Amino acid sequence: LTDSLQGTFDKIFSGATAGTDVLVRGPEVNEGISGSEALRRPLRVGQAEDLAAVPGVASAFPDLAGTVVLVCKDGTAVRNGGAPSFGFDFRPDDPALPLVDGRGPTSAREIAVESVTLEKSGLRLGDRTRTVVAGQVQPVTIVGEVAFGGGSAGQTIVVVDRASALNWFAPDGTVQQIVLRADPGVSEQQLRDRVAAV
């Protein structure tokens, strides 16, 4: 059982970090406090643009994620054994959540839905439904389907447009981490060292 659970979470982690070469996070703010989980200073969303200018960085984007509950065809929330409901921003070149059908969302009234989540919802592309995000009910149309290679392990995944993600998941203009991808021929270690220097 332990091996099976470990294998499941390894796949989730591998799928979620597909295409990620370096993660930039703020310094710990509770160093030296024994028995406490590491807390880090948030990063400004705009720092992604600064990091994109570092030689060897192919792309840099703030990690925008939060809770989004999708409403099923029958009017109830899509749930699977109590697993969490995640929302992410749409990126056309995101290897962690590649688009497999339809198109990406372009406004707060549109979403893309992960394949297993879409199946459990009883909905299809073009259907109208609702989401609950940031404490608000949002009427939406499903315009795209994305895949998650790691196996969802019950979690539901909804993808929203970038502007909405910034508004809902980073209302104070900060994020916990910035994700970097390297140019071809630049190793993770080379990119880490270059980024650390600035």
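Be aware that the sequence shown starts at 1, since it is given in our numbering, and climbs by one per residue.
Beta carbons: idealized from backbone N, C-alpha and C, even for Gly.
Being a predicted model, the structure only gives us computed values, none of them experimental.
- Item | Exposed unless 16 or more other CB atoms sit within 10 angstroms - verdict on Ala163 | As a first step, residue 163 is located in the sequence shown; it is residue number 163 there, counting from the start. Flag for Ala163 reads exposed.
- Task: Less than 8 Å between the CB atoms is what I'm expecting for Gln155 and Pro84, so what's the real figure, rounded?
- Result: Along the sequence shown, one-based indexing puts residue 155 at 155. Along the sequence shown, one-based indexing puts residue 84 at 84. Yes, Gln155 and Pro84 are in contact; Cβ-Cβ is about 5 Å, under 8 Å.
- Mind the definition here: the region 46–61 touches the region 186–193 only if three or more C-beta pairs lie below 8 Å; say whether that holds. Touching, yes, given that three or more Cβ pairs across the two stretches are closer than 8 Å.
- Between the C-alpha atoms of Ala147 and Ala48, what's the straight-line distance to the nearest angstrom? Your numbering for residue 147 matches position 147 in the sequence shown. Your numbering for residue 48 matches position 48 in the sequence shown. If you draw a straight line from the Cα of Ala147 to the Cα of Ala48, it is about 25 Å long.
- Message: According to DSSP, simplified to helix, strand and coil, what is Thr117?
- Response: As a first step, residue 117 must be located in the sequence shown, where it is residue number 117. DSSP places Thr117 within a helical segment (H, G or I) once states are collapsed to three.
- Query: Cα separation between Arg25 and Asp50?
  - Reply: Numbered from 1 along the sequence shown, position 25 holds the residue referred to as residue 25. Numbered from 1 along the sequence shown, position 50 holds the residue referred to as residue 50. Computed Cα separation, rounded: 14 Å.
- Task: Please check if any C-beta of chain C sits within less than 8 Å of the C-beta of Ala165.
- Result: The structure shown contains no chain C, having only a single protein chain.
- Shortest alpha-carbon distance to Glu119 belongs to which of Arg79, Ala108, Arg109? Within the sequence shown, the letter at position 119 stands for residue 119. Each of Arg79, Ala108, Arg109 was checked against the Cα of Glu119, and the nearest Cα belongs to Arg79.
- Item | For Asp101, the first and last residue of its enclosing alpha helix (DSSP H) | Translated into positions along the sequence shown, residue 101 becomes position 101. Counting along the chain, Asp101 falls outside any alpha helix (DSSP H), though it belongs to the beta strand (DSSP E) covering 99–102.
- Query: Where are the beta strand (DSSP E) runs, 3 residues long or more, that stay fully inside the region 33–84, in chain order?
  - Reply: Within the region 33–84, the complete beta strand (DSSP E) runs of at least 3 residues are 57–62, 65–70.
- My guess is that Glu145 and Asp94 are in contact by the Cβ rule of under 8 Å, so how many angstroms apart are they, rounded? Mapped onto the sequence shown, residue 145 falls at position 145. Mapped onto the sequence shown, residue 94 falls at position 94. Here Glu145 is actually not in contact with Asp94; their C-beta atoms are around 14 Å apart, not less than 8 Å.
- Message: For Phe88, which residues in the same chain have their Cβ closer than 6 Å to its Cβ, ignoring the five residues on either side in sequence?
- Response: For the purposes of this step, residue 88 is taken as residue 88 along the sequence shown, with counting starting at 1. Ala65, Val159.
- Could you tell me if Glu28 is buried or exposed, where buried requires 16 or more neighbouring beta carbons within 10 angstroms of its beta carbon? To locate residue 28, count along the sequence shown from 1; it is residue 28. Residue environment analysis places Glu28 among the exposed positions, since fewer than 16 neighbouring C-beta atoms fall within 10 angstroms of its C-beta.
- C-alpha distance - Leu125 paired with Ile142, whole-angstrom precision: Locating residue 125 in the sequence shown gives position 125, counting from the first residue. Locating residue 142 in the sequence shown gives position 142, counting from the first residue. Computed Cα separation, rounded: 5 Å.
- Quick one: what does DSSP say Gln138 is sitting in, helix, strand or coil? In the sequence shown, counting from the first residue as 1, residue 138 sits at position 138. Looking at Gln138 - three-state DSSP - the assignment turns out to be strand.
- Item | Residue environment, Val182, which counts as buried when at least 16 other CB atoms sit within 10 Å | Residue numbering aside, residue 182 sits at position 182 when the sequence shown is read from its first letter. A small fix is needed here, since residue 182 is Ala in this sequence, not Val. Per the 10 Å Cβ criterion, buried.
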